[in-house]
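Contents: one structure, followed by commentary.
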Amino acid sequence: MLHLVKIVLFATLLQCVNAGRRQSVIKDELNKFMNDYADSQLLPECATPVNTNCSVTRTFWAEDAVLAVPGWNTGVGRDGVMNVLEEVKSSDPYLHIRVTFNEHIKQDKRSATGYGHGTVYSKDETGELKKLVDMRCLLHFLKVKDEKKYRIQYWVENIVHTGEDKRIS
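Counted from 1, the sequence shown has number 96 at position 96 by the UniProt record's numbering; the numbering is strictly sequential.
Okay, structure coming up:
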């Protein structure tokens with residue numbers, strides 16, 4: 001009987017370790033995806049106020065995507081999302097967001113959902129990068145079958161702080 005209890009406890013321990021490992025892998029995968037997304041917003045053709053072309057950024061969004069950001073029009077569908085993003089970029093070409101996921105990630109075979117921290121940046125008059133807004137972001141990703149890559153399906157933000165960050169980290 002004691003031997004059976006040891007086996008059950010060991011199996012439970014292995015399951016917990018594997019779950020933590022899977023969580024770490026998906027966290028790293030989504031954070032890399034979001035860094036690549038932010039970098040796509042800074043490509044020369046996307047970071048321009050005239051003839052803004054964010055076609056690389058477009059590839060990160062699912063066909064039925066929804067972007068809901070306070071103070072902006074809601075973008076529905078990939079074309080709607082791109083219209084919103086290109087409109088915003090035409091008034092501030094260097095505006096971009098960096099989202100990181102530390103916890104609160106759920107995954108299944110075809111999707112992942114993450115609740116993370118987003119920081120919006122732009123450049124000031126001197127050309128230096130400046131933090132504008134901190135926010136919480138809830139993103140839902142779909143996995144594309146053929147490519148085994150994610151696409152953003154839903155993006156919802158909640159602004160938690162604007163202006164200079166006075167928090168102590």
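By construction, the Cβ of each residue, glycine as well, lies at the ideal position given by its N, Cα and C atoms.
When the Cα of residue i is compared with those of the options, which residue comes out closest?
i, options, result
"HIS140", "ASP134, LYS130, ARG151 and ASP146", "ARG151"
"GLY118", "ALA112, ALA62, SER111 and ASN102", "ASN102"
"TRP72", "LYS89, PHE60, ALA62 and TRP61", "LYS89"
"GLN153", "LYS130, VAL133 and THR113", "THR113"
"ASN83", "GLY116, VAL25 and SER55", "SER55"
"GLY116", "ASN51, THR59 and ILE159", "ILE159"
"GLN41", "SER24, LEU30 and ASP92", "ASP92"
"LYS130", "ASP146, TRP155 and TYR94", "TYR94"
"THR48", "ARG136, HIS96 and TRP155", "HIS96"
Checking the sheet assignment: what are the DSSP bridge partners for residue i?
i, result
"TYR115", "LEU138"
"GLN107", "ALA112"
"LEU129", "LYS123"
"ASN102", "According to DSSP, ASN102 bridges with nothing at all."
"ILE159", "MET135"
Whose C-beta lies closer than 6 Å to the C-beta of residue i among residues of the same chain, with five residues either side of it excluded?
i, result
"LYS27", "PHE101 and ILE105"
"GLU157", "VAL69, MET135 and CYS137"
"ARG78", "TRP61, GLU63 and ALA65"
Would you decide whether residue i is buried or exposed? Buried here means 16 or more other CB atoms lie within 10 Å of its CB.
i, result
"ILE168", "Below a pLDDT of 50, predicted positions are generally treated as unreliable, and ILE168, at 38, falls in that range; the measurement from the model is reported next regardless. It is exposed - the Cβ of ILE168 has fewer than 16 other Cβ atoms within 10 Å."
"VAL50", "exposed"
"VAL25", "exposed"
"VAL99", "buried"
(request) Run through the segment 44–93 for me and flag every whole beta strand (DSSP E) of 3 or more residues, listed as ranges in chain order. (result) 61–68
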